[in-house]
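> Read top to bottom, the protein sequences are chains A and B.
Mapping the first sequence onto the working numbering, position 47 (from 1) lands on 47, and the numbers just tick up by one.
Count along the second sequence from 1, add 1000, and you get the number used in the working numbering.
Idealized CB from N, CA, C, for every residue including glycine.
Okay, here's the structure, questions in a sec.
There are 2 protein chains.
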Amino acid sequence: MAVTLKDVAKAAGVSVSTVSRVVRDAAYIDASTRQRVLEAIQALQYRPNPVARRLKYGRTYTIGFIIHDISNPFYGHTVIGAERYISSVKSPEFDLFILNTGRDPKKEKRAAEVMLARRVEGIILASTATLECLEAFKELTIRHGIPIVSVDNCLGGFECGVVSAENQTGAYQLMRHLLGHGHRRIGILAGPDAESHAQERVKGCLQALLEAGYASDQVLIAAGNWSVEDGYRISQGWLKSESPPTAIFSSNNLMCMGALYAVQEYGWHVPRDVAVVSFDGIEFGTFLRPVLTTLHYDWERIGEEAARLVLEAVMKGGYREQPTRYVRVPVQLVIGESCGCRFASGNRRRVWEKGSHLHEG
Amino acid sequence: MAVTLKDVAKAAGVSVSTVSRVVRDAAYIDASTRQRVLEAIQALQYRPNPVARRLKYGRTYTIGFIIHDISNPFYGHTVIGAERYISSVKSPEFDLFILNTGRDPKKEKRAAEVMLARRVEGIILASTATLECLEAFKELTIRHGIPIVSVDNCLGGFECGVVSAENQTGAYQLMRHLLGHGHRRIGILAGPDAESHAQERVKGCLQALLEAGYASDQVLIAAGNWSVEDGYRISQGWLKSESPPTAIFSSNNLMCMGALYAVQEYGWHVPRDVAVVSFDGIEFGTFLRPVLTTLHYDWERIGEEAARLVLEAVMKGGYREQPTRYVRVPVQLVIGESCGCRFASGNRRRVWEKGSHLHEG
DNA sequence: TAGCTGTTTGGCAACGTTGTCAGATAACGT
DNA sequence: ACGTTATCTGACAACGTTGCCAAACAGCTA
Chain A
1 MAVTLKDVAK
11 AAGVSVSTVS
21 RVVRDAAYID
31 ASTRQRVLEA
41 IQALQYRPNP
51 VARRLKYGRT
61 YTIGFIIHDI
71 SNPFYGHTVI
81 GAERYISSVK
91 SPEFDLFILN
101 TGRDPKKEKR
111 AAEVMLARRV
121 EGIILASTAT
131 LECLEAFKEL
141 TIRHGIPIVS
151 VDNCLGGFEC
161 GVVSAENQTG
171 AYQLMRHLLG
181 HGHRRIGILA
191 GPDAESHAQE
201 RVKGCLQALL
211 EAGYASDQVL
221 IAAGNWSVED
231 GYRISQGWLK
241 SESPPTAIFS
251 SNNLMCMGAL
261 YAVQEYGWHV
271 PRDVAVVSFD
281 GIEFGTFLRP
291 VLTTLHYDWE
301 RIGEEAARLV
311 LEAVMKGGYR
321 EQPTRYVRVP
331 VQLVIGESCG
341 CRFASGNRRR
351 VWEKGSHLHE
361 G
Chain B
1001 MAVTLKDVAK
1011 AAGVSVSTVS
1021 RVVRDAAYID
1031 ASTRQRVLEA
1041 IQALQYRPNP
1051 VARRLKYGRT
1061 YTIGFIIHDI
1071 SNPFYGHTVI
1081 GAERYISSVK
1091 SPEFDLFILN
1101 TGRDPKKEKR
1111 AAEVMLARRV
1121 EGIILASTAT
1131 LECLEAFKEL
1141 TIRHGIPIVS
1151 VDNCLGGFEC
1161 GVVSAENQTG
1171 AYQLMRHLLG
1181 HGHRRIGILA
1191 GPDAESHAQE
1201 RVKGCLQALL
1211 EAGYASDQVL
1221 IAAGNWSVED
1231 GYRISQGWLK
1241 SESPPTAIFS
1251 SNNLMCMGAL
1261 YAVQEYGWHV
1271 PRDVAVVSFD
1281 GIEFGTFLRP
1291 VLTTLHYDWE
1301 RIGEEAARLV
1311 LEAVMKGGYR
1321 EQPTRYVRVP
1331 VQLVIGESCG
1341 CRFASGNRRR
1351 VWEKGSHLHE
1361 G
């Protein structure tokens, strides 16, 4: 069906080896022969068969991307960044094999096996790995030598790359800004204890609180699983308690939306009755009222860096010669109205214009 | 490096053919032999090499997914749906090869060539194909026999599958609902003229307007390119005109956000001064104030149907025996506050609970 | 002329599968 | 005893590449 080297060889009146050499731009080819072969390739519209190449080289040139939820725009941006980097690498060209685990723990558990079956050469992990899965991924690296780069989560127990935002200093900045408005009682919506970036964000918060001289009974901390539901549930509990917080710090965007919903349902107003800020922006968040005060960072860049790290490791044959590497992506405080700043809404600029986020300093 | 049939054969003391037969579950295998082979497979953790299989069969078992913007949650849902369907099909297993074209016309133009180079067997097209690209894709189908399924856009000039929402009847419903509030002047933010679903949505609008006895000078129609910018620009123009609309119908979510922004910037209030409704919901749109009145439909389902159609065509060897097929996904009117209904906000339910959208009738 | 080096080619065996073909063995009816 | 059939197995040639090896030939030097 498709045009092969053999067809080109016949058309050009040379051997298959010669055509292959021209295609691969190898040395020792007569100029006139090359010309003839190139013409035949052009005429027949020959395209090398990547499958045959892969078999020959015993490699798949495939990077697996395990992702929790592509429909979350932030992860979508990560995919875009990773795809951009990977498609920018020519010879050899790599494929991205995307596996969306959704919220299905079964699928997440099977992810490692799927990756092995597809024989991916490296993995980008943008999924909250449970302890059980962690073991499986550890095995992938240790027994099969498949390098792993984790997005926004520092996996323990084995060598892997990590790309994440400046979690601690970011949370510190955001919390500091919030505290500038003088709050008596702060609620912190944390992520799962087991996840390193959740810890880092809490750490940054506590650092700011400590510096500002807050007492432990002025601070509420509760861990959610990053979901809207948990943000809602926890915030609701706080609001109904006898001393509700005057400000809520959410560790991610989804929980923040849950918090906003809870506040609104309770009949309170943001920021008049309770201030709300969030690590992570919200896609099209400027259309929310009040506009959120958030910590903004470039998710495409995160995807790009993850792809770079994993490809570098693949080229070098795993992490044997490359120790765990961390890449930190800078964050930027984006001040909106939800923190209680006196910012007039007329001051805002259109957020869909790239790079137009307001920032402090 | 990796375990091959040969290794298993040696371990089990049989020939490669025999192992292959066991793996493929072929007939004529002695029970005890099969047992021995299976044990060897288990012991050595043998996994068939998909690359070798593909080469042997001369197929790639790959479906290309050309997507305009994965970071748009709606397209993200489409990917999830397509991925779910494709991964549900076993023997043979197919891969999804995702190509994000972004807003880069160059990349979009090269998409067809990339798909040919990767030798995909079918294509899902969720990208606004320019006329130029259309020619390239036409060639893919006609000359190379690669079936194409278009998402939300009916490509002309060649046989292909189409999956889209009930555009016309949906727009009709939504517009009818809007008209129920008695408007004197309606602005319609349309999509590009060249795209069939843009036309269908306008058609539905006009149908409702005609039925309601609206005169042509009461209706404004302007075509945008689905972007926030265009929605903003066009709406701004309308608002500044001498007789601004009392209601705006947006053909998609992004343009609607632009419209909301323009209205707000102009100092008007939705829905008091101008009502706004939109085809397409907005991810987490219930967190917007006022809550939008929209037309909701299941994007995962769209991706699923697209994958089903394209796989069916691939199995049958192109569209030769299968005429163009349309799949229409039902829509649902979701009534919020932006249309001017008296709906109290307390009535709303939490939208992140699946399937909890309010609907009429 | 013979021997060397350098360039240009084609042949061929892989890579890991699959499926055909033929050979081997056992079980059957005549 | 024979052929016939059914069951089981191994050898082998593909699939489209690549890269090694050797062959062929040119242009050198001695």
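Is valine 263/A close to chain B? Criterion is C-beta to C-beta, closer than 8 Å.
Residue numbering aside, residue 263/A sits at position 263 when the first sequence is read from its first letter. Not closer than 8 Å to any Cβ of chain B, the Cβ of valine 263/A fails to qualify, so no.
> Could you check if serine 1241/B is buried or exposed, using at least 16 other CB atoms within 10 Å of its CB as the buried criterion?
Position 241 of the second sequence holds residue 1241/B. Exposed is the call here.
> Quick one: is glycine 213/A buried, meaning 16 or more other Cβ sit within 10 Å of its Cβ, or exposed?
One-based indexing of the first sequence puts residue 213/A at position 213. The residue in question, glycine 213/A, is exposed, as its Cβ has fewer than 16 Cβ neighbours within 10 Å.
> Using the Cα positions of isoleucine 188/A and isoleucine 1142/B, report the straight-line distance between them to the nearest angstrom.
Along the first sequence, read from residue 1 onward, the residue named residue 188/A stands at position 188. Along the second sequence, read from residue 1 onward, the residue named residue 1142/B stands at position 142. Looking at the two C-alpha atoms, the distance is approximately 59 Å.
> Check the C-beta distance from glutamate 195/A over to asparagine 153/A and give it rounded, since I have them as a contact under 8 Å.
Residue numbering aside, residue 195/A sits at position 195 when the first sequence is read from its first letter. Residue numbering aside, residue 153/A sits at position 153 when the first sequence is read from its first letter. That belief holds up - the Cβ atoms of glutamate 195/A and asparagine 153/A are roughly 5 Å apart, short of 8 Å.
> Let's see if you can read the secondary structure: which residues bound the alpha helix (DSSP H) around isoleucine 1302/B?
To locate residue 1302/B, count along the second sequence from 1; it is residue 302. Start and end: 1299-1315.
> Between isoleucine 1066/B and the rest of its own chain, which residues show a CB-CB distance below 6 Å, the 5 nearest in sequence each way excluded?
As a working mapping, residue 1066/B is identified with position 66 in the second sequence. Here the set comprises Leu1099, Ala1111, Leu1125, Ser1127.
> Classify tyrosine 297/A: buried if its beta carbon has 16 or more other beta carbons within 10 angstroms, exposed otherwise.
By 1-based counting over the first sequence, the position of residue 297/A is 297. Its Cβ being crowded by 16 or more others within 10 Å, tyrosine 297/A is buried.
> Consult DSSP for alanine 208/A and reduce its assignment to one of helix, strand or coil.
In the first sequence, counting from the first residue as 1, residue 208/A sits at position 208. Of the three classes helix, strand and coil, the one that applies to alanine 208/A here is helix, per DSSP.
> Count the C-beta pairs between the segment 77-87 of chain A and the segment 45-56 of chain A that are closer than 8 Å, then say yes if the count reaches three, no if not.
Not touching, per the Cβ criterion.
> Using 8 Å as the Cβ pair cut-off and three pairs as the minimum, do the segment 227-242 of chain A and the segment 311-318 of chain A touch?
No, they do not touch.
> For a cutoff of 8 Å on Cβ pairs, would you count leucine 298/A as touching chain B?
Here residue 298/A refers to the residue found at position 298 when the first sequence is read from its first residue. One detail in the question is off: residue 298/A reads as aspartate in this sequence, not leucine. It does not: the Cβ of aspartate 298/A has no partner Cβ on chain B nearer than 8 Å.
> Could you tell me whether the Cβ atoms of methionine 255/A and valine 274/A are closer together than 8 Å?
For the purposes of this step, residue 255/A is identified with residue 255 of the first sequence, where counting begins at 1. For the purposes of this step, residue 274/A is identified with residue 274 of the first sequence, where counting begins at 1. It is not a contact, given that the beta carbons lie outside the stated cut-off.
> Please report the straight-line C-alpha distance between isoleucine 123/A and glycine 145/A, rounded to a whole angstrom.
Residue numbering aside, residue 123/A sits at position 123 when the first sequence is read from its first letter. Residue numbering aside, residue 145/A sits at position 145 when the first sequence is read from its first letter. Looking at the two C-alpha atoms, the distance is approximately 11 Å.
> Quick one: does serine 1356/B have its CB under 8 Å from some CB of chain A?
Counting from one through the second sequence, the residue named residue 1356/B turns up at place 356. At serine 1356/B, the pLDDT of 34 sits below 50, so the modelled position is not reliable; the number obtained from the coordinates is stated separately. Not closer than 8 Å to any Cβ of chain A, the Cβ of serine 1356/B fails to qualify, so no.
> Do valine 329/A and glycine 161/A have their C-beta atoms closer together than 8 Å?
Taking the first residue of the first sequence as position 1, residue 329/A is located at position 329. Taking the first residue of the first sequence as position 1, residue 161/A is located at position 161. The answer is no: Cβ separation not under 8 Å.
> Since serine 1020/B is in the alpha helix (DSSP H), which residue starts that stretch and which ends it?
For the purposes of this step, residue 1020/B is taken as residue 20 along the second sequence, with counting starting at 1. Note, serine 1020/B: alpha helix (DSSP H), 1016-1023.
> CB-CB under 8 Å to valine 1120/B, same chain, minus the five flanking residues each way: which ones, in chain order?
One-based indexing of the second sequence puts residue 1120/B at position 120. If we look at valine 1120/B and ignore the five residues flanking it on each side, its Cβ neighbours are Thr1060, Thr1062, Ile1063, Gly1064, Phe1097, Ile1146.
> To the nearest angstrom, how far is it from the Cα of glycine 1013/B to the Cα of glutamine 1035/B?
The residue you call residue 1013/B lines up with position 13 of the second sequence. The residue you call residue 1035/B lines up with position 35 of the second sequence. Approximately 12 Å between the Cα atoms of the pair.
> Is the Cβ-Cβ distance between phenylalanine 249/A and leucine 178/A less than 8 Å?
Taking the first residue of the first sequence as position 1, residue 249/A is located at position 249. Taking the first residue of the first sequence as position 1, residue 178/A is located at position 178. A contact, by the Cβ cut-off of 8 Å.
> Using DSSP's beta-bridge definition, name the partner residues of isoleucine 335/A.
One-based indexing of the first sequence puts residue 335/A at position 335. According to DSSP, which records beta bridges pairwise, isoleucine 335/A is partnered with nothing at all.
> Going by DSSP, what residues sit across from histidine 296/A in a beta bridge?
Position 296 of the first sequence, counting from 1, holds the residue named residue 296/A. Note: histidine 296/A sits in a beta bridge opposite Gln332/A.
> Determine, for serine 1091/B, whether the minimum Cβ-Cβ distance to residues of chain A falls below 8 Å.
Against the second sequence, residue 1091/B aligns to sequence position 91. No, its Cβ sits nowhere closer than 8 Å to a Cβ of chain A.
> For glycine 182/A, I'd like the list of residues in its chain whose CB is within less than 7 Å of its CB, leaving aside the five on either flank, ordered along the chain.
As a position in the first sequence, residue 182/A is number 182, starting the count at 1. Result list for glycine 182/A: empty, nothing under 7 Å.
> With a threshold of 8 Å between beta carbons, is leucine 116/A in contact with chain B?
Walking along the first sequence from the start, residue 116/A turns up at place 116. Yes, because at least one Cβ of chain B sits closer than 8 Å to the Cβ of leucine 116/A.
> Would you list the residues sitting across from glutamate 1187/B in a DSSP beta bridge?
Looking up residue 1187/B in the second sequence gives position 187. Note that residue 1187/B is glycine in the sequence shown here, rather than glutamate. The partner list for glycine 1187/B (beta bridge, DSSP) reads Leu1220/B, Ile1248/B.
> Taking Cβ-Cβ distances shorter than 7 Å, what residues in chain B pair up with alanine 190/A?
Numbered from its first residue, the first sequence carries residue 190/A at position 190. By Cβ distance, chain B contributes nothing, its closest Cβ being about 20 Å from alanine 190/A, past 7 Å.
> For alanine 1052/B, would you say it is in contact with chain A, using Cβ-to-Cβ distances shorter than 8 Å as the test?
Within the second sequence, numbered from 1, the residue matching residue 1052/B stands at position 52. By this cut-off, alanine 1052/B is an interface position.
> Given a cut-off of 8 Å, decide if leucine 1140/B and leucine 1116/B are closer than it, judged by their beta-carbon atoms.
Translated into the one-based positions of the second sequence, residue 1116/B becomes position 116. Translated into the one-based positions of the second sequence, residue 1140/B becomes position 140. Cβ distance < 8 Å, so leucine 1116/B and leucine 1140/B count as in contact.
> Can you tell me where the alpha helix (DSSP H) holding aspartate 230/A begins and where it ends?
Residue numbering aside, residue 230/A sits at position 230 when the first sequence is read from its first letter. It spans 228-240 - the alpha helix (DSSP H) in which aspartate 230/A sits, taken as one unbroken run.
> To the nearest angstrom, how far is the alpha carbon of leucine 44/A from that of isoleucine 29/A?
By 1-based counting over the first sequence, the position of residue 44/A is 44. By 1-based counting over the first sequence, the position of residue 29/A is 29. If I take the Cα positions, the gap works out to 21 Å.
> Opposite leucine 99/A in the DSSP bridges: which residues?
Your numbering for residue 99/A matches position 99 in the first sequence. DSSP, once it has assigned bridges, lists Ile66/A as partnering leucine 99/A.
> What in chain B is Cβ-close to leucine 96/A, meaning under 9 Å?
Along the first sequence, one-based indexing puts residue 96/A at 96. Result: Phe1097, Ile1098.
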